[in-house]
Amino acid sequence: MMSRSLLAISLILCSVRISFSQESSPVISFESQHLLTLSSGVSSHTVRDEMMSPLMYRGTQIPVAFTYRFRGSDNRHTVLLSFDNTELNSSITKSVNDVAVSHYINNLHLTFEYSLSTRAAVCENLNTTCFLGARLSSILSLRNHYFQNGNNLMSAEQMTGLGIYLLTETAIQQESDNYLRVEIYIPCVSYVLIPERYNANVSETFDDIDVEQDILWQLFKKGGVVTFNKLFQVQADVSYIFFVSNQIGIELQYRWLYYSFAQYQDLFHARVLNNQFLLGLTVKL
Amino acid sequence: MIVGADPENTPENNFGTFWKDFDRYYAQFSLRHIDWDSVYTLYHSQISLSTSDRQLFDIFSDIVLGINDMHVSVYTPMGDVYWKSMIPASYPSRSIINAGKYVRSGAPQKSVFEYRTCQDPASGYISIQSFAGQGGGLSKTDPRYFAIDDILSQWKNMKGIIIDVRGNGGGNSTNAETVAGRFADQSRVYLYRRQKNGPGKDNFSSWKSMSIEPKGSYQFLKPVVVLTSRATESAAEMFVMAMQVLPYVTIVGDTTGGGVGSPVFRELPNGWTYRLSTEIAADAQGRIIEGVGVFPDVHVLTTAADSANGIDRMLEKGIDIINNSQ
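Which chain is which? The protein sequence lines are A and L, in order.
Numbered as in this note's numbering, the first sequence ends at 285 without a single skipped number.
Numbered as in this note's numbering, the second sequence ends at 1326 without a single skipped number.
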């Protein structure tokens, strides 16, 4: 399954150049650009971690995201880092008493992405260029779940995926750099840490961990490769960049991320939905 | 909704969630001679939409007390329900008695350890009242337990050490392994565990061994006595089992509480939390200790009469063993 996924990605990347290299004049004509964007806004998380609770937990926070984009005549490169640390609450009122604060999750969400795509098609009527490529995406979703009476347990997913990446750019005005981006990413194969998830204890094996050494490093070495049977993830981004001067632009972005992860086949799914509305300041280098 | 809707917060659904989760993942029904289906039959008929929180709490209390597993409990805003320990209130064997008679005063305290020299300064006494505490990361050793290295480095010339875990109710097993590793001469299997890993009553993993390994810059490999009682529970029992496989360690006192269990926590749709054991543990000889406990090498009880007369019979036996060792 894994090798088939890798083969599929490789073939896509190779065939894109072969199939569409005859395409000549791009609709959006410009010189190569290097763009840096610093964004913030609202990040909304919805989490259901069946290993911990049947309840859905939700919360919003102000995220921070940093993006670097290279726009060549035929290629696109994007690097993104984003962070937010959100308190999630369920339909049960968070209680505060002398013993502890309970019924909430502290949710740390970190993302790193690198996307590479190459021009695949041009739709002149719509002023749109389509790019096809791959993305390497690494997500950490670390949750500290506070139960009744001061008990708390951690749960996490850390997945680094390689998958199909589709990008479209639509020029809004001729003779300008303002454009609308739509991106879709689906990982085909991922390396997931924490193969034995805590608070489950339903597997055939036990963690063989030296508790006096760095646990995260040991878990990193114990990761496993998964595909669609255990991890289903979809991410979509819509963003609009318009320039207010030759160098300075404003970016409006909406990001939608959903994943469902089950370490054990069809058991104890962690389902995570993240919506982000970001406003960014873009600098053209 | 893409992540699914919240389950209904009704008495019936709360009971059903509780019952189903135990049905799938509780590991010790047969060990404890519990017919879980009959529990459903008995209590489900008592629950309706009009069942109050108090009535539901009482039903859960009955069930938890019926299971009588130290790692099965329910936490609610109305209070928590635990197993009913069989230790009588007058049980005198859970802590040191007449300390001044046996150990020197001016006791230094090193974080989670209370340690003193015995009246014969050739022996040391360490009391560990708990193995609670989490380190950084996911379930790492609480750094306070590394203080054992400082204590042992001061006591390298001691003839022997007595470790008192008679009142230790457990905590984080990684802390117990960390302390025990300072007394290990080599890797030795001390525990076997198997997990419930499927919905069937007989769905268990195979038995997996756990080993104690030498830890720290220095290991104390001379005579050691570990004092135990019925109040020695959970992670403290793992500590006792780890120490028991070492050839120069003698376990003295009463049989331990009888539960390792590796409990997990879950929430009900009404936010109440419950805990259940998903494992069965056996000692190095393969003897299941759940509901039974770890047998000491030398069985000694401090009676009520001993206590009234200021005699700590268990500690006296431990001192004798150290003094008479080669």
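In this text, a Cβ means the ideal position worked out from N, Cα and C, and glycines have one as well.
Since this is a predicted model, take the numbers as computed values, not measurements.
Per DSSP, S43 of chain A lies in no alpha helix (DSSP H) segment; the continuous beta strand (DSSP E) that holds it begins and ends at 33-49.
Here the region 1184-1199 of chain L does not lie against the region 1123-1135 of chain L, with fewer than 3 beta-carbon pairs under 8 Å apart. None of the residues of the region 1089-1108 of chain L has a beta carbon lying less than 9 Å from any beta carbon of chain A. Closest by C-alpha distance to R1193 of chain L, out of L:Y1248, L:N1009, L:A1027, L:R1266, is L:A1027. Here Q1186 of chain L carries a coil assignment [DSSP, helix/strand/coil]. Within the same chain, Cβ atoms closer than 6 Å to the Cβ of I1148 of chain L are found at V1179, R1182, the five residues on either side in sequence being excluded. At a cut-off of 8 Å between beta-carbon atoms, G1004 of chain L makes contact with chain A. Taking a 10 Å sphere around the C-beta of T93 of chain A, we find fewer than 16 other C-beta atoms and assign the residue as exposed. Counting every other CB atom within 10 Å of its CB across the protein chains shown gives N1014 of chain L a total of 16 or more, marking it as buried. Counting only Cβ-Cβ distances below 8 Å, Y1075 of chain L has contacts in chain A at F147, Q148, N149, N151, in chain order. Taken in chain order, the unbroken stretches of beta strand (DSSP E) that lie wholly in the region 69-131 of chain A and span 3 residues or more are 75-89, 104-123.
A Cβ-Cβ contact shorter than 8 Å links E1233 of chain L with G1170 of chain L. In the structure shown, the three-state DSSP call for D1149 of chain L is helix. In this structure, H45 of chain A lies away from H103 of chain A, with their beta-carbon atoms at least 8 Å apart. In this structure, the alpha-carbon of S1030 of chain L lies about 20 Å from that of L1191 of chain L. Here V1064 of chain L has V1072, S1073, V1074, V1081, Y1082, W1083 as same chain residues with Cβ atoms under 8 Å from its own Cβ, once five neighbours each way along the sequence are excluded. According to the DSSP assignment, I1128 of chain L belongs to the beta strand (DSSP E) that extends over 1123-1128. Across the region 1255-1267 of chain L, CB contacts with chain A closer than 8 Å involve S1262, V1264, F1265, R1266, E1267, in sequence order along the chain. T111 of chain A is positioned such that its CB atom lies closer than 8 Å to that of L80 of chain A. Residue A:R58 holds the alpha-carbon nearest to the alpha-carbon of S90 of chain A among A:S82, A:R58, A:M154. Between the region 1235-1249 of chain L and the region 265-283 of chain A there are fewer than three inter-stretch CB-CB distances shorter than 8 Å, so the stretches are not counted as touching. The Cβ of H109 of chain A sits no closer than 8 Å to any Cβ of chain L.
Following the DSSP letters along the chain, one finds Q158 of chain A inside the beta strand (DSSP E) bounded by residues 152-171.
Counting the other CB atoms within 10 Å of its CB gives Y1218 of chain L a total below 16, which places it among the exposed residues. For S190 of chain A, the secondary structure class from DSSP, reduced to helix, strand or coil, is strand. The C-alpha of Q235 of chain A is placed about 24 Å away from the C-alpha of G249 of chain A. Annotation for I62 of chain A: no alpha helix (DSSP H) segment contains it, and DSSP assigns it neither H nor E.
Of the candidates L:G1257, L:V1003, L:W1207, L:G1257 places its Cα closest to the Cα of N1068 of chain L.
The beta carbon of S1205 of chain L sits closer than 7 Å to those of R1194, Q1195, N1197, all from its chain and outside the five residues before and after it, given in chain order. Counting along the chain, D1023 of chain L sits inside the alpha helix (DSSP H) bounded by residues 1011-1025.
Residue pairing by DSSP places H1299 of chain L opposite L:G1253 in a beta bridge. Counting C-beta atoms within 10 angstroms of its own C-beta, T1228 of chain L has 16 or more neighbours from the protein chains shown and is therefore classed as buried. The beta-carbon distance between R76 of chain A and L166 of chain A, rounded to whole angstroms, is 11 Å. This is too long to meet the 8 Å contact definition. Counting C-beta pairs with one atom in each stretch, the region 238-257 of chain A and the region 171-180 of chain A have three or more that are closer than 8 Å, which means they touch.
Selection A:F70, A:D49, A:N85, A:P54 evaluated against P63 of chain A yields A:N85 as nearest (Cα-Cα). Here the alpha carbons of M1210 of chain L and T160 of chain A stand approximately 31 Å from one another.
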